[in-house]
Amino acid sequence: MSIIDLRSDTVTKPTPAMRQAMTAAEVGDDGYGEDPTVNRLQEMVAHLLGKEAALFVPSGTMANQLAIRCQTQPGDEIICEAASHFLDYEGGGAAALSGVSTQPLQGDVGVITAGQIQEAIRPATFYFPRTRLIVLENTHNLAGGTVWPLAKIQEISALANAHGLRMHLDGARLWNASIASGVAPRAYAAFFDSVSVCFSKGLGAPVGSTLAGTKEFIETARRFRKMFGGGMRQCGMLAAAAIYALEHHFERLREDHAHARTLAEGLAHLSPLKINLNSVQTNIIKIAVADKQVDCRAAIAALKEEGVWVTPMGSSSFRVVTHLDIAAGDIARAADIFKRVFSQSSF
Ligand SMILES: *Cc1c(COP(=O)(O)O)cnc(C)c1O
Numbered sequence: 241m242s243i244i245d246l247r248s249d250t251v252t253k254p255t256p257a258m259r260q261a262m263t264a265a266e267v268g269d270d271g272y273g274e275d276p277t278v279n280r281l282q283e284m285v286a287h288l289l290g291k292e293a294a295l296f297v298p299s300g301t302m303a304n305q306l307a308i309r310c311q312t313q314p315g316d317e318i319i320c321e322a323a324s325h326f327l328d329y330e331g332g333g334a335a336a337l338s339g340v341s342t343q344p345l346q347g348d349v350g351v352i353t354a355g356q357i358q359e360a361i362r363p364a365t366f367y368f369p370r371t372r373l374i375v376l377e378n379t380h381n382l383a384g385g386t387v388w389p390l391a392k393i394q395e396i397s398a399l400a401n402a403h404g405l406r407m408h409l410d411g412a413r414l415w416n417a418s419i420a421s422g423v424a425p426r427a428y429a430a431f432f433d434s435v436s437v438c439f440s441k442g443l444g445a446p447v448g449s450t451l452a453g454t455k456e457f458i459e460t461a462r463r464f465r466k467m468f469g470g471g472m473r474q475c476g477m478l479a480a481a482a483i484y485a486l487e488h489h490f491e492r493l494r495e496d497h498a499h500a501r502t503l504a505e506g507l508a509h510l511s512p513l514k515i516n517l518n519s520v521q522t523n524i525i526k527i528a529v530a531d532k533q534v535d536c537r538a539a540i541a542a543l544k545e546e547g548v549w550v551t552p553m554g555s556s557s558f559r560v561v562t563h564l565d566i567a568a569g570d571i572a573r574a575a576d577i578f579k580r581v582f583s584q585s586s587f
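Mind the numbering: the sequence shown is residues 241 to 587 in the working numbering, read in order.
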C-alpha cells in the first residue's frame with residue numbers, strides 16, 4: 241500500500257529532472273560571491289519580487305530571522321498576527337537573536353487590520369518598547385493557507401509609512417497566494433521593505449529560501465547570515481533546484497489548490513468533521529473533529545493505518561496539505577479512506 245502523505249508540502253522529494261538540474265549546476269564559492277547559479281537565482285527572485293537584491297539562505301526561518309535582526313534593535317517591538325510562523329515555529333528566534341518583543345494581534349483567518357495595528361503602535365514614551373516592524377504572513381500557514389487581500393496590505397502599508405515602521409512579508413507560500421489570487425508576487429512585495437520566500441514548500445525543492453529587499457538591506461543581511469552560520473560555499477546545486485522549481489513548479493500550484501478544494505468539498509459533509517470551506521483557499525485544509533465523543537488522536541492513528549498521513553493540530557483538529565507528490569488519484573483514495581475511517585464509531 242502506498243502512503244498518501246498529507247502532513248505538509250515540505251515532504252516532497254526532488255523529481256528526477258530537478259536532480260538532473262542540480263547535478264548539472266555550475267558552481268563556485270558563494271563566500272566570494274562566485275557561485276553563478278546562486279547569483280542567477282538571487283537575480284531571478286529579486287526580479288520576481290521587484291526588489292533591488294536578494295540573498296539565498298538555508299531556510300525560511302533564517303530568512304525571517306535575518307529580516308527581523310536587520311530591521312530592529314534590542315528593545316524594539318514587532319506587531320504581527322497571533323498565529324504567525326515566526327512566533328510559533330522558529331524557536332523563539334526573535335527574542336533570542338534580535339532581543340525584540342512582539343505584540344501579537346488576533347486575526348481573522350490570518351488577516352489583521354490597519355485599525356488593530358493603529359491601536360497597537362506604542363506612543364513614543366521612554367518606558368514603552370519602540371514599535372519598529374510589522375510582520376505579515378501570506379499565505380497564512382496556521383489559518384489554513386489563507387490569502388491576504390491586497391487592499392488590506394495597502395492600508396497597513398500606508399499606516400506603516402505614516403509611523404515610520406518597517407514591513408516584512410513572510411512569504412514562505414507567497415507563490416500559492418499569487419496563484420490563488422492572480423496577484424503577481426511583486427505586487428504583494430511592493431508594500432514591504434523585506435520579503436522572504438521558500439522553495440522547499442509547494443515548489444518542491446529540497447532546501448532553500450531567499451530574502452529580498454534593497455541592496456543596502458541585503459548587504460546587512462549577508463553579514464548576519466554569516467553570523468547566524470548560514471554562509472554557504474558551492475550551494476549552486478541547491479540554487480539550481482530552486483531555479484528549476486520556479487520555472488517548472490510555480491504554475492502547477494493550481495493543481496495542489498484544486499486537489500485541496502476537491503478533498504475539502506468531499507469531506508465537508510462527513511460527520512463529525514468540520515471544515516470551513518471559505519478558508520480553503522490554497523493547498524491547506526484545517527479539519528476539526530466536532531464530536532467530543534470522537535477521539536481525534538485515535539482517528540488520526542486509524543487514518544495512518546490506512547495509509548493517509550495528516551498532522552494533528554491541538555487535541556481536536558488536524559491539518560491536510562496537498563503538494564507536488566500528490567496526484568488526483570491519491571485525493572480520491574484519501575477521500576474514500578476518510579469516509580471509511582470516520583464512519584466507524586470505534587474511537
Ligand atoms: C515553512 C514556513 C517558514 C519557514 O520554515 P522553515 O522550517 O525554516 O523552512 C516560514 N514561514 C512560514 C509561514 C512557513 O510556513
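Beta carbons are placed, not taken as given, at the ideal position from N, Cα and C, and that holds for glycine. Since the model is a prediction, treat every value here as computed from it, not as a measurement.
- About 13 Å separates the beta carbons of residue 470 and residue 436, which is beyond the 8 Å limit, so they are not a contact pair.
- Residue environment: residue 496 is assigned as buried (16 or more neighbouring CB atoms within 10 Å of its CB, all protein chains considered).
- Short note on residue 401: C-beta not closer than 7 Å to any heavy atom of ligand 1.
- One thing to note: residue 296 has its Cβ no nearer than 8 Å to the Cβ of residue 267.
- Taking the Cβ atoms as the reference, residue 330 lies roughly 6 Å from residue 304, within the contact range of under 8 Å.
- In this structure the region 488–503 lies against the region 568–577, because at least three pairs of beta carbons, one per stretch, are closer than 8 Å.
- Distance from the CA of residue 293 to the CA of residue 498, rounded to the nearest whole angstrom, comes to 33 Å.
- Within a 10 Å sphere around the beta-carbon of residue 545 sit fewer than 16 other beta-carbons, which makes this residue exposed.
- Going by DSSP, residue 472 is part of no beta strand (DSSP E) at all; its letter is neither H nor E.
- Of the candidates 318, 475, 476, the residue whose Cα lies closest to the Cα of residue 400 is 318.
- Excluding five sequence positions before and after residue 393, the CB atoms of its chain that fall closer than 6 Å to its own CB belong to 431, given in chain order.
- If you ignore the 5 residues before and after residue 541, its C-beta comes within less than 6 Å of no other C-beta in its own chain.
- An exposed status is given to residue 579, since fewer than 16 other beta-carbon atoms sit within 10 Å of its beta-carbon.
- When secondary structure is reduced to three states using DSSP, residue 338 falls in the helix class.
- By the CB criterion at 8 Å, residue 483 and residue 280 fall inside the cutoff.
- Taking the Cα positions, residue 511 is about 38 Å away from residue 332.
- Under the three-state reduction of DSSP output, residue 321 falls in the strand class.
- Take the alpha-carbon of residue 245 and the one of residue 251: they are about 8 Å apart.
- For residue 434 against residue 452, the beta-carbon gap comes to about 7 Å, under 8 Å, which counts as contact.
- In the structure shown, the three-state DSSP call for residue 526 is strand.
- Proximity of the beta carbon of residue 522 to ligand 1 is not indicated: no heavy atom of the ligand is located closer than 7 Å.
- Within the region 334–417, the complete alpha helix (DSSP H) runs of at least 4 residues fall at 354–360, 390–403.
- The region 306–313 makes contact with the region 362–378, as at least three CB pairs between them are under 8 Å.
- Annotation: the region 253–289 contains the following complete segments of the alpha helix (DSSP H) (minimum length 4 residues), in chain order: 256–264, 276–289.
- Bridge pairing for residue 465: absent [DSSP].
- It is roughly 12 Å from the alpha-carbon of residue 477 to the alpha-carbon of residue 269.
- No Cβ-Cβ contact shorter than 8 Å links residue 443 with residue 366.
- Within the chosen limit of 7 Å, ligand 1 reaches the beta carbon of residue 300 through at least one heavy atom.
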